[in-house]
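Encoded as structure tokens, the structure appears first; notes follow it.
There are 2 protein chains.
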Amino acid sequence: MSTHEDSTLARVALTWLAEPGTRSVHRLVDELGPVAALDLLLDGGAPQEGLRDSVAARSRAGDARAVAAEALRLADRLGARVVIPGDDEWPAPVEQLRDLHLRLPGAQRRVDIETAPPLCFWVRGPWPLAGALERSVAVVGARAATPYGIHVATDLGYGLADRDWTVVSGGAFGIDAAAHRGALNAGGLTVAVLACGVDRAYPMGNAALFDRIADTGLLVSEWPPGAEPLRPRFLIRNRVIAAGTRGTVLVEAAARSGATQTTRRAIALNRRAMVVPGPVTSAMSVGAHEMLREQPEARLVTGLAQVLEEVGRIGELAPVPRGPDRPADLLDDDARAIVEAMPRRGTVGVDALAARAGLAVRTVLRKLSMLEELALLVRRDDGYALARPPNRANRS
Amino acid sequence: MSTHEDSTLARVALTWLAEPGTRSVHRLVDELGPVAALDLLLDGGAPQEGLRDSVAARSRAGDARAVAAEALRLADRLGARVVIPGDDEWPAPVEQLRDLHLRLPGAQRRVDIETAPPLCFWVRGPWPLAGALERSVAVVGARAATPYGIHVATDLGYGLADRDWTVVSGGAFGIDAAAHRGALNAGGLTVAVLACGVDRAYPMGNAALFDRIADTGLLVSEWPPGAEPLRPRFLIRNRVIAAGTRGTVLVEAAARSGATQTTRRAIALNRRAMVVPGPVTSAMSVGAHEMLREQPEARLVTGLAQVLEEVGRIGELAPVPRGPDRPADLLDDDARAIVEAMPRRGTVGVDALAARAGLAVRTVLRKLSMLEELALLVRRDDGYALARPPNRANRS
């Protein structure tokens, strides 16, 4: 048996040898485990010629294990972590990408890329990834959004976060950024799934936004720190946004745009696919209207209530099997008593908090740093405050 | 056998005794013919108590036959005519209203009104009614339309007329008027189906529009000249708009508005139901989006091409059995030669026209007044011109 460390290193190295989502690589990992799969590929034993060639090409550029080790060291310095299957944080729903190719139209089935589950995630931010995605909705759309689209996406982001839904998007200009900002404005949780390293601000104009997301939400990527946002990676990335959420809302899209691809993936994965219509006179709604006309599964939604109605339904989504991984579920009785004793607004001193929670001051002090680390509480000059509306901690 | 004149008078009298669309009256006419049905009702022999009571109440206000005769005299003075089943002009598709109640949800099936075919139409304008409706699309929507809706409806009206489709609407402010105006601007044919007499300009603000429509299109009503636009009549009227056209396009509608009722009737009658989406931030698109969410048969359309795609399909619509009644189809060879010889733009003198058509001048002179009457040609100071794009005369 290989250690967790070996597995992690092998998965990172495999992601460097072949782009994430390569089905043949994922199948090898399934059969042999990541360490043996890596050995096989490095020995030139890939069963497919195309894969063999690309592994050989990457290997000439560097030693896969050394590159991976360097990426892990860099991540550590940046405060990023790697999450792999089997970890508590691993979001089980992305494993459903395993069958994605079977659900695509014939011509797309034979394609080896964009259809396998991720081998690993790089994560920056204070939340467990699986917990953050458990109750999540994607809001995606055009980069060249109109004021109408920005307004709608901001409103949806705010409203979803306000109802304790995590808002997932791609960190791009336009609709993506509006959705993230709406969620941040509501004091909610938002996750940006990137097509480059979690240390890279791409696009640069959203650098401040990424900093805010890394502080209170999550930056997530399948590529190691430093990785470039190459063009094909956006489409590879989209499958994670579709698979990791309960549904995708498409706000604005030009004809045949990438955002409509995310929505199509959501449909293929039996997630809710929702589309916001717009003026027929707007080029930025052409893709949205196409989707509504061509995809019977795409549901027209006009606002928050209708989005909640869609994603609130249980059913098609396979239950998430992995154990308690929402932050509130990880708390022991003392920590939970402290959270419940926090005032909804404003701050409270440690002594007063101990009294409210019915605990010894030293017990409270011991738990506070953990609660801070989980981003449930924040330390202020005059005491502690809830980091987010307390109902998130109470709901599941 | 009763004469055509007797039948007409009886149908007009019956429409005065009970509102058009009353199923029990239509059934009596089906069984007994209009003259005997009228006699039966006037003798107090209506099989339904409610109908008996309403006939008695109307009869106390006047003699039904005398009222009908007066209405016919008034119509004659106004240049309006009555059209009844069996007339060449009678639009066969409205007979499909006979089964409408069977296609409505349970609760609406037992209602006696709004679901029978008309007993007669009052018509003003130079076109045979059946021919005008043969290739027609309804464009309906909110009275309190936004500039966006007005823009879209005007464009659709123009584009449909330009492609030789008749634009049918209800003559109301907002979307209806915009659709009519668009068609008129294209030099096309438009039909206003009114909920009052064809001599009444309701709403008054559309008086000039009604004059233009009466000159080059048709004003149509089930109610006799002088009849008031009572509130329930708008819903009764809507079934004719739905039944008389190949499809209905809903452009803007507030929540639960009358225009959505027309679209629902179109669905019940297997006509194409099309809905133009709009900004989700607009109250005037709420009804349109509701329709798209709740009625699977309602098709989202974003412009002319998609509307044409829908109504251009043959299939669900029963073929119109009655013979040639499009103006161009009524022409003999000489008249057709004249129309085909007309210049697409500008005017032509009689001599030149005769030469172009290869006909004797006196033959041309004999046909010209008929072509003028059919509104295919117009007389100008310096000769004759086509009243409408010549392609209407060539297509069917």
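Each protein sequence line maps, in turn, to chains A and B. Quick note: the first sequence uses UniProt numbering, first residue 1, plus one each step. Quick note: the second sequence uses UniProt numbering, first residue 1, plus one each step. C-beta: ideal position from N, C-alpha, C; glycine also.
By the DSSP assignment, the beta strand (DSSP E) with residue i in it spans what residues?
i: T166 of chain A; result: T166 to S169
i: Y158 of chain A; result: Unbroken run through Y158 of chain A is the alpha helix (DSSP H), P147 to D162; no beta strand (DSSP E).
i: R135 of chain A; result: Neither: R135 of chain A is in no beta strand (DSSP E) and is coded neither H nor E.
i: W122 of chain B; result: F121 to R124
i: G312 of chain B; result: Counting along the chain, G312 of chain B falls outside any beta strand (DSSP E), though it belongs to the alpha helix (DSSP H) covering L304 to G312.
i: V249 of chain B; result: G247 to L250
Could you spell out where the alpha helix (DSSP H) holding residue i opens and where it closes?
i: M291 of chain A; result: V286 to E294
i: A268 of chain B; result: G258 to A268
i: residue 414 of chain B; result: Any property of residue 414 of chain B remains undetermined from this structure, which presents chain B solely from 1 to 396.
i: A273 of chain B; result: Taken as a continuous stretch (DSSP letters only), A273 of chain B belongs to no alpha helix (DSSP H), being part of the beta strand (DSSP E) at R272 to V275.
i: L28 of chain A; result: R23 to L32
i: L184 of chain B; result: I175 to N185
i: E340 of chain B; result: D333 to A341
i: R143 of chain B; result: That residue, R143 of chain B, is in no alpha helix (DSSP H); it is neither H nor E in DSSP.
i: L100 of chain B; result: L100 to R103
Let me check understanding here. Comparing Cα to Cα, which of the options lies closest to residue i?
i: S285 of chain B; options: A:V286, A:M284 and A:G278; result: A:G278
i: A178 of chain A; options: A:V249, A:L17 and A:A69; result: A:V249
i: P34 of chain A; options: A:R52, A:L386 and A:I84; result: A:I84
i: L219 of chain A; options: A:A186, A:L38 and A:A172; result: A:A172
i: A64 of chain A; options: A:G79, A:E114, A:A10 and A:L32; result: A:A10
i: V280 of chain B; options: A:L304, A:V198, A:T8 and A:R265; result: A:L304
i: L269 of chain A; options: A:G62, A:T245 and A:D164; result: A:T245
i: G170 of chain B; options: B:P147, B:S2, B:D162 and B:R143; result: B:R143
i: V361 of chain A; options: A:V350, A:M370 and A:W122; result: A:V350
i: L119 of chain A; options: A:A56, A:V29 and A:S54; result: A:V29
i: A266 of chain A; options: A:D176, A:A138, A:A214 and A:D211; result: A:A138
i: S24 of chain A; options: A:D43, A:E49 and A:A273; result: A:E49
i: A68 of chain A; options: A:V152, A:W16, A:R181 and A:V276; result: A:W16
i: D334 of chain A; options: A:A273, A:G62, A:A354 and A:A375; result: A:A354
i: L331 of chain A; options: A:L376, A:A352, A:V275 and A:A13; result: A:L376
i: V301 of chain A; options: B:V251, B:A288, B:V311 and B:W127; result: B:A288
i: V140 of chain B; options: B:V152, B:E310 and B:W127; result: B:V152
i: G157 of chain A; options: A:L184, A:A145, A:V348 and A:E134; result: A:L184
i: V94 of chain A; options: A:S7, A:A75, A:S136 and A:R336; result: A:S136
i: L129 of chain A; options: A:V378, A:T262, A:V240 and A:Y384; result: A:V240
i: C196 of chain B; options: B:V167, B:L230 and B:I213; result: B:L230
Provide the residue(s) that pair with residue i in DSSP beta bridges, ordered along the chain.
i: R239 of chain A; result: R239 of chain A is not bridged to any residue.
i: S7 of chain A; result: In DSSP, S7 of chain A forms no bridge with anything.
i: A192 of chain A; result: A:S169 and A:L219
i: R299 of chain B; result: B:M274
i: L386 of chain A; result: A:L377
i: V348 of chain A; result: A:Y384
In chain A, which residues lie less than 8 angstroms from residue i when you measure between Cβ atoms?
i: Y148 of chain B; result: P279 and T281
i: G159 of chain B; result: Chain A residues near G159 of chain B: none, gap ~13 angstroms exceeds 8 angstroms.
Whose Cβ in chain A lies nearer than 9 angstroms to the Cβ of residue i?
i: H180 of chain B; result: Per Cβ cutoff of 9 angstroms: no residues; H180 of chain B is ~20 angstroms from chain A at best.
i: V152 of chain B; result: P279, V280 and T281
Would you mind telling me which residues of chain A sit closer than 7 angstroms to residue i, beta carbon to beta carbon, in chain order?
i: T302 of chain B; result: V280 and H289
Closer than 7 angstroms by beta-carbon distance: list the chain B residues that pair up with residue i, in chain order.
i: H101 of chain A; result: Neighbours of H101 of chain A on chain B: none; closest Cβ ~29 angstroms, over 7 angstroms.
Taking C-beta pairs closer than 8 angstroms, name the residues in chain B that residue i reaches, listed in chain order.
i: L292 of chain A; result: P277, L292 and L300
Identify every run of the beta strand (DSSP E) within the stretch 40-85 of chain B, keeping only runs that are complete inside it and at least 3 residues long; order them along the chain.
-> Entirely contained in the stretch 40-85 of chain B, the beta strand (DSSP E) runs reaching 3 residues are, in chain order, 81-83.
Considering only residues of the stretch 353-384 of chain A, which uninterrupted alpha helix (DSSP H) runs meet the minimum length of 4 residues and lie entirely inside it, listed in chain order?
-> 361-373
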